[in-house]
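See below:
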């Protein structure tokens with residue numbers, strides 16, 4: 013027999029973006045400690061369905077910590093108490109028998125709640141659409157390693173590219189700023205030769221979109237980097253600040 | 037520059053940096069108080085007689101303060117609106133620094149302090165009856181001495197300088213990040229320098245009210 017724990021869940025329930033929401037308390041008497049957080053919610057949802065109630069809506073997809081779909085604020089922390097872990101990879105063994113867990117959606121003006129724990133993260137898509145890419149001329153496939161890239165730059169670019177766009181950074185930021193996300197997307201190209209031709213426009217365009225989407229401003233508190241399930245470094249924010257300044261200087 | 041989020045912060049950072057330089061300049065002048073009334077009053081008179089340069093510096097400082105405050109206000113107000121609904125459970129991921137959290141408040145305290153400070157000394161009559169110690173006219177030195185015989189004013193100045201200390205410990209390292217300097221080895225050092233420099237500037241300024249409060253009036257007039 014696997015160990016089970018009994019939990020009290022306080023979950024934010026909200027029918028739609030326009031409806032007002034409230035916390036609803038649920039008792040979950042037998043939670044398998046080896047279940048993931050989302051599996052625990054699945055079990056609760058099945059019980060709710062059997063009772064004829066609406067299941068709790070939450071985002072999820074790969075459930076292996078690589079897609080960036082899942083995420084909610086668990087006991088005040090995005091993705092829950094375990095560092096560098098997405099909510100789907102958070103397991104119930106992180107909790108104690110008798111715990112009360114409060115689950116609420118990300119709170120940000122730029123990420124409105126759609127239903128229960130689901131928020132609209134299309135602001136992130138629009139930021140990426142405005143510059144988070146490199147333009148390529150198609151033709152014959154280039155040689156894989158024809159362009160030299162210093163190992164350190166390649167590593168840092170890969171570190172930045174690990175961002176899965178889950179928006180935990182926005183949720184954790186006291187100002188609901190998206191600087192860590194945008195800076196990861198900017199850095200990931202800024203460090204590579206392929207990213208150079210569009211480097212200046214990229215940073216200006218992505219930042220303009222970020223501001224238009226009405227995220228807050230960075231106040232260098234670094235909650236974002238600590239909350240990031242992929243451990244994206246706030247050094248990327250510094251790089252973006254630098255790129256912004258040099259782009260402004262050169263373009264004006 | 038002023039339209040974007042980072043641009044606003046960089047404007048705040050650069051004006052803040054100049055204000056820090058001004059504070060260091062101001063503090064080094066203040067330290068002449070420890071050399072005695074003659075050195076301090078001579079320095080004050082030298083600054084007073086700078087004429088056009090004095091006014092350029094004053095206008096420059098007013099502009100720096102105004103730009104710093106207006107841009108900060110824009111950023112802070114926007115940040116307040118960026119999360120319309122707050123969290124039920126508030127538990128930060130890493131410990132939040134008080135210096136960082138209190139930036140808008142310490143800034144406001146400094147502004148309030150500054151108004152009184154200007155009325156106290158800069159705009160006050162340096163040779164009026166408030167500058168007289170033991171019947172001798174001691175100019176600005178005497179004005180400073182007399183004003184700090186009042187413990188409430190000493191307390192007010194110490195509160196003002198505590199706010200400056202908190203403000204600067206965050207500010208100095210924050211300026212570096214905002215202008216894009218981040219280094220695995222040097223950033224932790226910069227944070228420590230920021231802490232030490234912030235405290236040192238605050239303690240340096242705050243030492244003067246205490247020094248004045250505890251000094252005998254006979255020492256002032258050399259009698």
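Chains as they are written, first to last, in the working numbering: chain X, 13 to 264; chain W, 37 to 259.
Just so it is clear, CB atoms sit at the ideal spot from N, CA and C, and this is done for glycine as well.
Inter-residue CB distance, residue i and residue j (contact presumed, cutoff 8 Å)
{"i": "residue 83(X)", "j": "residue 156(X)", "result": "No, residue 83(X) and residue 156(X) are not in contact; Cβ-Cβ is about 34 Å, not under 8 Å."}
{"i": "residue 97(X)", "j": "residue 241(X)", "result": "6 Å"}
{"i": "residue 48(X)", "j": "residue 127(X)", "result": "Wrong, their Cβ atoms sit about 21 Å apart, outside the cutoff."}
{"i": "residue 121(X)", "j": "residue 118(W)", "result": "5 Å"}
{"i": "residue 203(W)", "j": "residue 146(W)", "result": "6 Å"}
{"i": "residue 94(X)", "j": "residue 129(W)", "result": "Contact flag wrong, Cβ pair sits at about 11 Å."}
{"i": "residue 142(W)", "j": "residue 199(W)", "result": "4 Å"}
{"i": "residue 107(X)", "j": "residue 21(X)", "result": "Going by Cβ atoms, the distance from residue 107(X) to residue 21(X) rounds to 11 Å, so no, they are not a contact pair."}
{"i": "residue 175(W)", "j": "residue 183(W)", "result": "That belief does not hold up - the Cβ atoms of residue 175(W) and residue 183(W) are roughly 13 Å apart, past 8 Å."}
{"i": "residue 194(X)", "j": "residue 252(X)", "result": "7 Å"}
{"i": "residue 232(X)", "j": "residue 136(W)", "result": "7 Å"}
Outcome for residue i when other beta-carbon atoms lying within 10 angstroms are tallied against a minimum of 16
{"i": "residue 95(W)", "result": "exposed"}
{"i": "residue 31(X)", "result": "exposed"}
{"i": "residue 251(W)", "result": "exposed"}
{"i": "residue 256(X)", "result": "buried"}
{"i": "residue 197(X)", "result": "buried"}
{"i": "residue 219(X)", "result": "buried"}
{"i": "residue 342(X)", "result": "In the structure as shown, chain X begins at 13 and stops at 264. Residue 342(X) is therefore absent and cannot be evaluated."}
{"i": "residue 165(W)", "result": "exposed"}
{"i": "residue 64(W)", "result": "exposed"}
{"i": "residue 86(W)", "result": "exposed"}
N-terminal and C-terminal residue of the alpha helix (DSSP H) that residue i is part of
{"i": "residue 84(W)", "result": "73–84"}
{"i": "residue 230(W)", "result": "222–250"}
{"i": "residue 163(X)", "result": "163–173"}
{"i": "residue 126(W)", "result": "Element bounds for residue 126(W): n/a, residue is neither H nor E."}
{"i": "residue 44(X)", "result": "Element bounds for residue 44(X): not the alpha helix (DSSP H) but the beta strand (DSSP E), 34–44."}
{"i": "residue 140(W)", "result": "139–153"}
{"i": "residue 206(W)", "result": "187–214"}
{"i": "residue 49(X)", "result": "49–62"}
{"i": "residue 150(X)", "result": "Where residue 150(X) is concerned, there is no enclosing alpha helix (DSSP H), given that its DSSP letter is neither H nor E."}
Distance cut-off 7 Å: residue i Cβ against heavy atoms of the ligand GDP
{"i": "residue 163(W)", "result": "Among the components modelled here there is no ligand, and therefore nothing to report on the ligand GDP."}
Sheet register partners of residue i (DSSP bridge)
{"i": "residue 189(X)", "result": "228(X)"}
{"i": "residue 130(X)", "result": "127(X)"}
{"i": "residue 114(X)", "result": "22(X)"}
CB contact below 8 Å: residue i versus chain X
{"i": "residue 199(W)", "result": "no"}
{"i": "residue 227(W)", "result": "no"}
{"i": "residue 216(W)", "result": "yes"}
{"i": "residue 252(W)", "result": "no"}
{"i": "residue 118(W)", "result": "yes"}
{"i": "residue 132(W)", "result": "yes"}
{"i": "residue 111(W)", "result": "yes"}
{"i": "residue 128(W)", "result": "yes"}
{"i": "residue 123(W)", "result": "yes"}
{"i": "residue 166(W)", "result": "no"}
{"i": "residue 156(W)", "result": "no"}
{"i": "residue 42(W)", "result": "yes"}
{"i": "residue 45(W)", "result": "yes"}
{"i": "residue 51(W)", "result": "no"}
Chain W within 8 Å of residue i, Cβ atoms only
{"i": "residue 73(X)", "result": "no"}
{"i": "residue 230(X)", "result": "yes"}
{"i": "residue 38(X)", "result": "no"}
{"i": "residue 222(X)", "result": "yes"}
Terminal residues of the beta strand (DSSP E) in which residue i lies
{"i": "residue 22(X)", "result": "16–25"}
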